[in-house]
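Chemist: Starting off with a structure, shown below.
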Amino acid sequence: MDSGREEQRAAETGARLVTPVDAEYPKRLGTIYDPPLALYVKGTIEAKDRHAVAIVGTRRPTHYGSTVADRLAYQLARVGFTVVSGLARGVDTVAHKGALKANGRTLAVLGSAHDCLYPPENAELAEAIAKSGAVISEYPLGREPDRTTFPYRNRVVSGLSMGVVVVEAGLGSGALHTTDQAIEQGRTVFAVPGRIDVPSARGCHRLLKNGARLVEDVDDILQELEYLIPPEKKDSAQAMDPRPRVELTTDEQAVVKAVWAGAMDVDAVTRQAGLQAAQVNSLLIGLEMKRVVRMLPGRRIELAEGIRAAG
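The opening residue of the sequence shown carries number 4 in our numbering; numbering runs sequentially from there.
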């Protein structure tokens with residue numbers, strides 16, 4: 004590769020060429036098997052990005068999956084972690100946006116060259132990421148995405164990270180390939196459980212059966228990585244508002260209104276909210292992840308601590 008020519012071509016697209024001899028090249032990434040010989044970078048890779056967690060998952064998340072990905076990315080970014088993902092549709096997109104919403108850093112690893120960005124509808128998101136993080140590709144200009152480029156880039160997603168969190172993934176999801184890479188690289192793998200009747204949860208459940216760390220809340224990630232977190236980030240985590248402001252859908256508001264006066268069982272919530280039982284069960288999962296409600300023994304629901312006062 005003619006590095007001088009590549010640097011010039013990269014500059015024409017607003018990218019820089021970063022190689023293993025450069026200080027900006029992530030040290031953790033350099034330790035993996037088959038590290039990229041060069042990175043085409045829009046934005047900046049900073050020293051603090053060594054404290055990074057990847058969030059990956061299906062391109063077609065449920066409402067629950069999107070809610071969880073957004074919340075985890077937001078909270079991780081808020082305590083100072085860099086959120087890494089692949090800029091794909093679905094969970095990746097939600098994770099990047101969650102980190103940006105927290106005014107945090109996020110790294111997007113492309114499965115194509117910068118001038119062949121995919122999916123094209125994420126072009127504006129890529130620009131926003133480059134302003135507060137970096138959009139990274141190992142592919143030279145002109146390389147179109149194909150079914151080989153995405154799996155190959157997954158080793159970079161995990162290679163940049165301390166751990167990989169899978170929010171929703173079917174058994175054939177590319178997110179599971181990322182976890183395979185993570186395991187080979189010695190990274191911690193986390194998985195968020197889902198409903199047993201939802202196909203996009205089966206990959207996560209298989210990961211959990213095989214020893215992945217269970218994630219019910221961001222604290223599960225923080226505690227697992229605690230020995231790797233510097234003191235200043237531990238202080239930030241302790242000071243974090245456990246309930247960042249959340250937007251509720253009309254149906255979620257109906258459920259919250261039903262339990263506003265006090266705890267009640269799920270059947271009563273269903274009747275009072277005027278919704279279907281299956282719908283309420285799904286909504287309750289999302290509301291619990293948002294820390295708006297909490298489950299009690301006997302299938303009873305109540306508002307989470309502090310919600311009434313905050314309202």
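Each residue gets a CB set at the ideal place from its N, CA and C atoms; glycine is no exception. If you're wondering where the values come from, they're calculated on a predicted model, not measured in any experiment.
1) Just how far apart, CA to CA, sit A131 and K104?
2) DSSP on F84, reduced to helix/strand/coil?
3) Alpha carbons only, please: which of P64, Y43, A55 is nearest the one belonging to G145?
4) Rounded C-beta distance between M292 and T61? I'm assuming under 8 angstroms.
5) Using the rule of at least 16 other Cβ atoms within 10 Å of the residue's Cβ for burial, across every protein chain shown, is A26 buried or exposed?
6) What's the C-alpha gap between A80 and A194?
7) Under the assumption that I48 contacts A76 (Cβ atoms under 8 angstroms), give the Cβ distance between them as a whole number of angstroms.
8) Write down the C-beta distance between V94 and E171 rounded to the nearest angstrom, noting that I regard them as a contact closer than 8 angstroms.
9) Would you kindly work out how many angstroms separate the C-alpha atoms of K100 and F153, rounded to a whole number?
10) Using the rule of at least 16 other Cβ atoms within 10 Å of the residue's Cβ for burial, across every protein chain shown, is L299 buried or exposed?
11) Can you tell which of G189, G197, R158 has the C-alpha that lies nearest to the C-alpha of A178?
12) DSSP on V169, reduced to helix/strand/coil?
13) Rounded to whole angstroms, what's the CA-CA distance from T191 to M165? Just pull it up for me.
14) Got a sec, what are the start and stop residues for the beta strand (DSSP E) L20 sits in?
15) Just the Cα atoms here: how many angstroms apart are P38 and L32?
16) Would you identify the three-state DSSP class for E130, choosing helix, strand or coil?
17) Where does E124 fall in DSSP's three states?
18) Thinking C-alpha only, which one of L163, D149, R19, A307 is nearest Y36?
19) Can you find the residues in the same chain that come closer than 6 angstroms, C-beta to C-beta, to G68, ignoring five residues on each side of it along the sequence?
20) CA-CA distance, V86 and A98?
21) Measure from the alpha carbon of D254 to the alpha carbon of each residue in A41, Q275, Q188, L174, then state which is nearest.
22) Apart from the five residues on each side of it in sequence, which residues of its chain come closer than 7 angstroms, Cβ to Cβ, to I186?
23) Could you compute how far the alpha carbon of V168 sits from the alpha carbon of V56?
24) Could you check what DSSP says for T152 in three-state terms: helix, strand or coil?
25) According to the neighbour-count rule (16 or more other Cβ atoms, all chains shown, within 10 Å of its Cβ), is L315 buried or exposed?
26) Can you tell me whether E187 is helix, strand or coil according to DSSP?
27) According to DSSP, simplified to helix, strand and coil, what is S69?
28) Buried or exposed: G46, going by 16 or more other Cβ atoms within 10 Å of its Cβ?
29) For E27, which three-state DSSP category applies?
30) Find out if the Cβ-Cβ distance for the pair Y155, A116 is shorter than 7 angstroms.
31) For a test of the three-state rule: what should DSSP assign to K293, helix, strand or coil?
32) Under the three-state reduction of DSSP, which class applies to R62: helix, strand or coil?
Modeler: Reading it off the structure:
1) 11 angstroms
2) coil
3) Y43
4) Their Cβ separation, rounded to whole angstroms, is 17 angstroms, which puts M292 and T61 out of contact at 8 angstroms.
5) exposed
6) 18 angstroms
7) Not a contact, Cβ separation roughly 18 angstroms.
8) 6 angstroms
9) 20 angstroms
10) exposed
11) R158
12) strand
13) 7 angstroms
14) 19–21
15) 6 angstroms
16) helix
17) helix
18) L163
19) V170, E171
20) 7 angstroms
21) Q275
22) V192
23) 7 angstroms
24) helix
25) Here the chain has residues from 4 to 314 only, and residue 315 is not among them.
26) helix
27) helix
28) buried
29) coil
30) no
31) coil
32) coil
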